[in-house]
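Taking it in order: structure first as structure tokens, then the write-up.
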Ligand SMILES: Nc1ncnc2c1ncn2[C@@H]1O[C@H](COP(=O)(O)OP(=O)(O)OP(=O)(O)O)[C@@H](O)[C@H]1O
Ligand SMILES: [Mg+2]
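Numbering (our numbering), first residue to last: 363 to 800.
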């Protein structure tokens, strides 16, 4: 079945958008605000981990996104592939919230399984409740349960299952309708290494196709025993392939599990009711690698490089373009230039507004004019940088840089250079020729 053209948001647009979300519990003297101005955009097919101390508001924000609690202030929009537009949760009627919940697969701490139903019946129940036509065959439920290590327990009722086994039934129930958005609160907290790995690997593969080598590393070789890493059996590997035929599911997972952290596309951190950091793992890598190519940043410590990189990362995969909406955000450390626009002009003096640039997308040409008209001296592209020389030497720009196509650049201000100058200076003196002063 080919998806309708509207089943995914327009290119560059998120599947989930959260803006200015606050939340307060209680009333009168007992009134406490627990969420403060939260903003987040999650792109289709992303696996996002949310971390943060106990009580920081992770579960609360998850329940708001899931339409399980009314939004008091702010906006939460979720792309509805069937409607072909965003559903706004703020001010939605109860009937509309029910429709929103149908878009989502929930894996919550209290799994709410029906005590009187067997594992397989609990899942079938969710299917009947949520699937509008095109119900998934029983075969799929069997595959899911077998993959999750519950082949022998399919017909047990919750009372006969351990906490971890119940949690896995809840995972199967959340995934059986192939939701586009999966919200999970500590989904692996009660799981052994193999089940934990099975859950996270399935979520990853539901999001997008993985490199076969990456998957091969997770599979036990014939005759090998299980170890503490919980690698998958060959049977699980086959089932994984069959279960994850449909892609594009987005997951937002609250977890403290470090085994999962390093499998994420993005890590969001909450402190005292606010999302304080939002790191796209690939973007962090892209920026850090780019910075390290510049002599100035190569001279400082890796932790310092990381801090600078995190300071300019915008929480968007470097493959994705900055939307107009995002570009308009004040103080965004990325600037967008149209083809033909000058990013740097020869002769411009260095002042506090001067910046260093790292190319995020697009292409530029460097021109120098020795008095006889401009000559192209270089062409720069993805992950290349420019503009550091003037900030190091304090001399006017020695060339112009012009966008050859739509170009996005990460910008680092002069004050950052000042901050690290004392460290970089001795190193830079030695490689002065790089910057060609005087
Ligand atoms: N129904 C409620 N009524 C009043 N206060 C609440 C309610 N639910 C949560 N809180 C408070 O809101 C704050 C955030 O709680 P939340 O459950 O979102 O934290 P959390 O980050 O999920 O923590 P944990 O990691 O322990 O699960 C806490 O101070 C909590 O006491
Ligand atoms: Mg919680």
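Built from N, CA and C at the ideal position, the CB exists for glycine as well.
As a beta-bridge residue in DSSP terms, residue 412 pairs with 616, 630. Three or more Cβ pairs closer than 8 angstroms define a contact, and the region 607-626 meets that threshold against the region 562-571. Residues of the same chain with a CB within less than 7 angstroms of the CB of residue 532, apart from the 5 flanking positions on each side, are 469, 473, 475 in chain order. Taking residue 703 as the centre and dropping the five residues before and after it, the same chain places the C-beta of 765 closer than 6 angstroms to its C-beta, in chain order. When rounded, the separation of the alpha-carbon atoms in residue 642 and residue 418 is 21 angstroms. Counting C-beta atoms within 10 angstroms of its own C-beta, residue 403 has 16 or more neighbours from the protein chains shown and is therefore classed as buried. By DSSP's assignment, residue 385 forms a beta bridge with 397. Inter-residue distance for residue 453 and residue 429 is about 11 angstroms (C-alpha atoms, whole angstroms).
When Cβ pairs closer than 8 angstroms are counted between the two stretches, the region 672-681 is seen not to touch the region 731-742, the count staying below three.
When distances are taken from the beta-carbon of residue 714 to the heavy atoms of ligand 2, even the shortest one reaches 7 angstroms or more. The criterion of a C-beta distance shorter than 8 angstroms is satisfied by residue 581 and residue 593.
With 16 or more other Cβ atoms from the protein chains shown falling within 10 Å of its own Cβ, residue 406 counts as buried. Residue 438 has its alpha-carbon roughly 24 angstroms from the corresponding atom of residue 570. Taking the Cα positions, residue 378 is about 18 angstroms away from residue 536. Relative to the Cα of residue 708, the nearest Cα in the group 714, 727, 722 belongs to 727.
Pairwise C-beta distances place the region 643-662 in contact with the region 747-759, as three or more of them are shorter than 8 angstroms. Taken from the Cβ of residue 652, every heavy atom of ligand 1 lies 7 angstroms or farther away. Contact check for residue 502 against residue 538 passes: the beta carbons are separated by less than 8 angstroms. Collapsing the DSSP output to three states places residue 681 in coil.
Exposed is the label assigned to residue 395, since fewer than 16 other Cβ atoms lie within 10 Å of its Cβ. Taking the Cα positions, residue 639 is about 13 angstroms away from residue 399. If you check the CB distance, residue 611 and residue 542 come in under 8 angstroms.
Neighbourhood of ligand 1, defined by CB distance below 5 angstroms to any of its heavy atoms: 387, 396, 416, 417, 418, 419, 420, 421, 422, in chain order.
Closest in C-alpha terms to residue 383, from the list 431, 645, 662, 391, comes 431. Look at residue 547: its beta carbon is less than 7 angstroms from one of the heavy atoms in ligand 2.
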